[in-house]
Amino acid sequence: MRRSRRSRTSAAESTSSSHLAESTSSAQGEAAPPSPDLVALLAAVNGDERLVESIERHRFGESAEALCARFARARAGSLPKALAMLRRDMERREERGFADLRAMSAAQVLSLSPSRDGSDGGALRDRLLGEWNPTGLLGRDYAGRPVLYRNFSRTRLWDVPLPLSALLKYNEWVSERLAASMGDVGKWTIVIDVANMGAVQCLHPTHLAFCKGLARTDAAHYPERLGRLLLINAPAVFEKFWNAFKAVLDPNTVAKIDILGSGPAVQRRLAELMPPEILPLALGGKATLSLAGLDPALPSLPPSAPVFDVVATRSSRGSGIACVAVYDCEEEPSPQAEE
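In full-length UniProt numbering, the protein residues as written are 1 to 339.
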């Protein structure tokens with residue numbers, strides 16, 4: 001039986017919103033001992049009423065304790081750094097209106113900045129999806145994570161009639177909607193297709209600025225969200241781009257990134273991680289890319305889209321309910337375990 005969103009959060013949520021509990025528990029009341037880093041961070045957060053209120057506004061389906069646990073892990077061993085990172089995230093979310101952003105459609109987000117050619121948000125959305133950056137929420141991988149596919153093969157930012165700031169805001173929207181699609185609980189898997197990407201695309205200053213801005217935003221506002229990132233169909237020239245880009249990434253993030261070439265090896269690797277049928281047609285799957293499941297103006301993914309109840313699976317194996325209550329387990333179930 002699938003658990004409700006509320007059953008995944010800490011039992012401490014029933015306490016006053018002005019105070020975060022310093023322990024977490026599963027829906028079955030099984031205690032999940034918090035780490036010393038999390039205990040220290042929760043104590044510090046509880047001393048800042050404005051920060052607690054901001055967390056309550058921006059946590060959505062995630063428990064406040066689980067949210068803090070992500071920041072405690074991202075800056076493990078340093079309470080000042082974890083607290084500063086959390087404060088900056090909340091301040092930025094308030095300033096940029098992340099809560100309002102996640103409620104918008106793609107067309108609305110792309111209408112926030114005037115385009116150079118007069119295109120409206122709907123036209124820009126269609127061109128992004130069909131030409132500049134085909135994107136789609138595919139379903140779930142064998143670890144129960146939502147899989148986001150993005151194709152940058154034909155991305156030429158100099159052709160997009162929007163400022164760089166507007167494109168980065170669109171990426172913030174994609175990340176917010178991806179979090180919303182999983183009830184703000186867990187991690188995600190991202191597949192980025194860079195087939196036939198040339199040297200001009202890889203090394204153009206605008207492209208480098210966009211990718212670095214994208215990485216900084218994701219690191220600052222979505223710590224411990226990334227489960228795995230697969231860069232597929234990478235051409236030889238991509239190595240130069242990667243060497244220039246990875247310097248802005250945290251070493252823990254780099255460790256979660258697989259760079260794959262092209263050919264049958266790519267499909268074999270993807271098939272190890274997710275059901276082949278959820279992949280786009282170009283990768284041998286059955287999916288037609290759209291923003292369904294991301295854009296609130298469009299339907300959710302169809303019922304046939306594979307969704308694995310990773311919480312129930314881990315419960316049946318006797319390992320994970322308490323861990324999921326804190327946030328997410330590191331263990332990745334095998335495909336057989338999910339069947």
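Note that CB positions come from ideal geometry on N, CA and C, so glycine has one too.
Identified DSSP bridge partners for residue i
i	result
D258	L230
A188	The sequence as given places Trp at residue 188; Ala does not occur at that position. Beta-bridge pairing links W188 to L226.
A287	P280
Beta-carbon proximity check, residue i vs residue j, cutoff 7 Å
i	j	result
K256	L226	yes
V248	K212	yes
S115	L42	no
I278	L260	no
G122	A107	yes
V160	W132	yes
L148	L128	no
G183	G47	no
F241	C202	yes
D89	H204	no
T189	D141	yes
A234	V194	yes
For residue i, three-class secondary structure by DSSP
i	result
D193	strand
P280	strand
S35	coil
H207	helix
S175	helix
R75	coil
D295	coil
A247	helix
P275	coil
L20	coil
A236	coil
Expected contact under 8 Å - CB spacing of residue i and residue j to nearest Å
i	j	result
S54	E95	Not really, about 11 Å apart at Cβ, beyond 8 Å.
T135	R145	Between R145 and T135 the Cβ distance is about 17 Å, and since that is not below 8 Å, they are no contact.
T217	L157	The Cβ separation is near 16 Å, so there is no contact.
F210	L167	6 Å
What runs of the alpha helix (DSSP H), each 4 residues or longer, lie entirely inside the stretch 77-164? Entirely contained in the stretch 77-164, the alpha helix (DSSP H) runs reaching 4 residues are, in chain order, 79-96, 98-102, 106-110 and 121-127.
Which ranges does the beta strand (DSSP E) cover as unbroken runs of at least 3 residues, wholly within the stretch 35-71, from first to last along the chain? None, since the stretch 35-71 contains no complete beta strand (DSSP E) of that length.
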